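Asks: Before anything else, here's the structure in question.
In the numbering used here, the protein residues as written are 18 to 284.
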């Protein structure tokens, strides 16, 4: 799966090959000044987060030099659906944990690819992500990191911590398999699972504390409502007594002046 950035780069890189083939007689290998981006034989490229013109440019560019490569475009609705799922999950966990994950919940290209593969494949192995301390580099094939990017600042677009925890849950449940690239993979795997269990224990503790607090608040509201109902009941009894007393006074006044026409008129 490639995003808009890689779609443009593949099109630019392989366009040079396409032009060289067009200007070279049949049967003669084209003379290339640079090596194009690597593409394995019979690979399928799923292009996401790009518009139709850029996608079609890539299709036309690879048509002659790489007829073995299949191309598919992931619809915008598909990416938006994955994003909606991740943002909904983020909101629920934010409320559950009481601590907000960094980022806006926009899925990374890696998470989009994982989500699609889980719908299509019986077994999914994940390389290069979901490991302890893997925020130092986005790409497992590069030694440099991207610490200066906004993604590691105060207002990141992606929520890498959330994606990592989702991967850990999927690995724990056997839905996907995180393949650790560390030389000390067994130790890292143990640390990863221990970290996951500690996080789940923390989630359970927070959930229990939240339920306890909710129960306290519920009982407080019930007490307030009971006191309110009791107050209304006493107020009603007072008004009934007052009304009865007023009626008794009126009856007594009529009995005291039975022949007074003015009093009869008044009542």
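Backbone N, C-alpha and C fix where the C-beta goes; we use that ideal spot for every residue, glycine too.
Fair warning: this is a prediction, and the values are worked out from it, not measured in the lab.
What number of angstroms, rounded off, separates the C-alpha of residue 265 from the C-alpha of residue 257?
Replies: Answer to the nearest angstrom: the Cα atoms are 12 Å apart.
Asks: Taking residue 142 as part of the beta strand (DSSP E), name the residues at either end of that continuous run.
Replies: Looking at the DSSP string, the run of the beta strand (DSSP E) that includes residue 142 is 142-144.
Asks: Between which two residues does the alpha helix (DSSP H) carrying residue 91 extend?
Replies: Neither: residue 91 is in no alpha helix (DSSP H) and is coded neither H nor E.
Asks: So, residue 141 versus residue 131, is the Cβ gap smaller than 8 Å?
Replies: Against a cut-off of 8 Å, the Cβ pair of residue 131 and residue 141 comes out as a contact.
Asks: Assuming contact is defined by CB atoms lying nearer than 8 Å, are residue 35 and residue 84 in contact in what I supplied?
Replies: Their beta carbons are not under 8 Å apart, which means residue 35 does not touch residue 84 by this criterion.
Asks: Give the straight-line distance between the Cα atoms of residue 178 and residue 241, rounded to the nearest whole angstrom.
Replies: Each residue's alpha carbon lies about 42 Å from the other.
Asks: Please report how far the alpha carbon of residue 122 lies from the alpha carbon of residue 255, in whole angstroms.
Replies: Those two C-alpha atoms are separated by around 59 Å.
Asks: Just confirm the distance between the C-beta atoms of residue 66 and residue 21, as a whole number of angstroms; I'd bet it's less than 8 Å.
Replies: Confirmed, Cβ separation roughly 5 Å.
Asks: Would you list, in sequence order, the uninterrupted alpha helix (DSSP H) runs of no fewer than 4 residues that lie entirely inside the segment 89-134?
Replies: Counting whole runs of 4 or more residues, the segment 89-134 contains the alpha helix (DSSP H) stretches 93-114.
Asks: Select from 18, 77, 109 the residue whose C-alpha is nearest the C-alpha of residue 60.
Replies: The shortest C-alpha separation from residue 60 is found at 18.
Asks: Could you give the distance in angstroms between the alpha-carbon of residue 118 and the alpha-carbon of residue 91?
Replies: Roughly 27 Å between the two C-alpha positions.
Asks: With 16 other CB atoms within 10 Å as the buried threshold, where does residue 120 fall?
Replies: Buried, since its Cβ has 16 or more Cβ neighbours within 10 Å.
Asks: What is the rounded straight-line gap between the Cα of residue 52 and the Cα of residue 43?
Replies: Roughly 20 Å separates the two Cα atoms.
Asks: If you draw a straight line from the C-alpha of residue 27 to the C-alpha of residue 222, how long is it?
Replies: Going from the Cα of residue 27 to the Cα of residue 222 covers about 49 Å.
Asks: Alpha helix (DSSP H) containing residue 26: first to last residue?
Replies: 21-39 is the extent of the alpha helix (DSSP H) around residue 26.
Asks: What is the DSSP secondary structure of residue 241, reduced to helix, strand or coil?
Replies: Residue state, collapsed to three classes: helix.
Asks: Under 6 Å Cβ to Cβ from residue 87, same chain only, skipping five residues before and after it: list those, please.
Replies: Around residue 87: 61.
Asks: Measure the alpha-carbon distance for residue 56 versus residue 229 and round it to whole angstroms.
Replies: One C-alpha to the other measures close to 56 Å.
Asks: Residues in its own chain within less than 7 Å of residue 180 by CB, not counting five upstream and five downstream?
Replies: Counting only Cβ-Cβ distances below 7 Å, and skipping sequence neighbours, we find 125, 128.
Asks: When we look at the beta-carbon of residue 239 and count the other beta-carbons within 10 Å, is it buried (16 or more) or exposed?
Replies: Exposed, because fewer than 16 other Cβ atoms sit within 10 Å of the Cβ of residue 239.
Asks: DSSP three-state call for residue 58: helix, strand or coil?
Replies: The answer is coil: DSSP assigns residue 58 none of H, G, I, E or B.
Asks: Identify which residue in 89, 79, 58 has its Cα closest to the Cα of residue 68.
Replies: Taking only the C-alpha atoms, the option nearest residue 68 is 89.
Asks: Residue 39: buried (16+ other C-beta within 10 angstroms of its C-beta) or exposed?
Replies: It is exposed - the Cβ of residue 39 has fewer than 16 other Cβ atoms within 10 Å.
Asks: What number of angstroms, rounded off, separates the C-alpha of residue 94 from the C-alpha of residue 225?
Replies: Roughly 37 Å between the two C-alpha positions.
Asks: Would you say residue 71 reaches chain C, if we count a Cβ-Cβ gap shorter than 8 Å as a contact?
Replies: Chain labels in this structure do not include chain C; a single protein chain is all it has.
Asks: Using 10 angstroms around the beta-carbon of residue 245, count the other beta-carbons present and answer buried if the total reaches 16, otherwise exposed.
Replies: Its Cβ having fewer than 16 others within 10 Å, residue 245 is exposed.
Asks: Bridge partners for residue 196 per DSSP, in chain order?
Replies: DSSP output for residue 196 lists 144 as bridge partner(s).
Asks: Please state the DSSP three-state secondary structure of residue 64.
Replies: Strand.
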